[in-house]
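Down below is the structure, laid out as structure tokens.
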Amino acid sequence: MSDDDSRDLQHPARADASLPSHLARNGRRAWVELTAFQRDCLEAVARRERVDRPCDKLGIMCTLGCTYPSVTRTRLEPNLRTLVGRGLLAKRAGADDRSTYSLTDEGRAL
């Protein structure tokens, strides 16, 4: 008789079972969980912080302008709110109703 018998192999309980995707192994939010535009927003804030430029909506839109030439406030604002809600950005109210954004430690860790 052949040793090539596959009857003793264990099969997964469900073929469509997948791993939970809401948290990475280390407990931080996964980079892939964000949309491409949200990731680009984080990158834009990080770039502006590195060169000490203001991270208000207009500045972030200017930085994103190379990749997204037609980016508007109606697209930017909900994505920034989402990033603030996830704890990746911090929002501070500035003068003239201008809010500035900065990376949190969790956002920087991504």
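In our numbering, the protein residues as written are 18 to 127.
We treat Cβ as the ideally placed atom computed from N, Cα and C, and that holds for glycine.
Between Leu100 and Leu127 the beta-carbon gap is near 10 Å, outside 8 Å, which marks them as no contact. The alpha-carbon of Ala112 is positioned some 13 Å away from that of Tyr118. DSSP places Asp69 outside both helix and strand once states are collapsed to three, so it counts as coil. Proximity to Leu51 across Arg103, Asp73, Asp114 peaks at Arg103, based on C-alpha coordinates.
Residue range 106-110 is occupied by the beta strand (DSSP E) that includes Arg109. Our two residues, Val68 and Val88, have alpha carbons roughly 22 Å apart in a direct line. Between Ile77 and Ala53, the CB-CB gap reaches or exceeds 8 Å.
Leaving aside the five residues that flank Pro86 on each side, none in its chain has a CB nearer than 7 Å to its CB.
Here Asp57 is actually not in contact with Ser116; their C-beta atoms are around 19 Å apart, not less than 8 Å.
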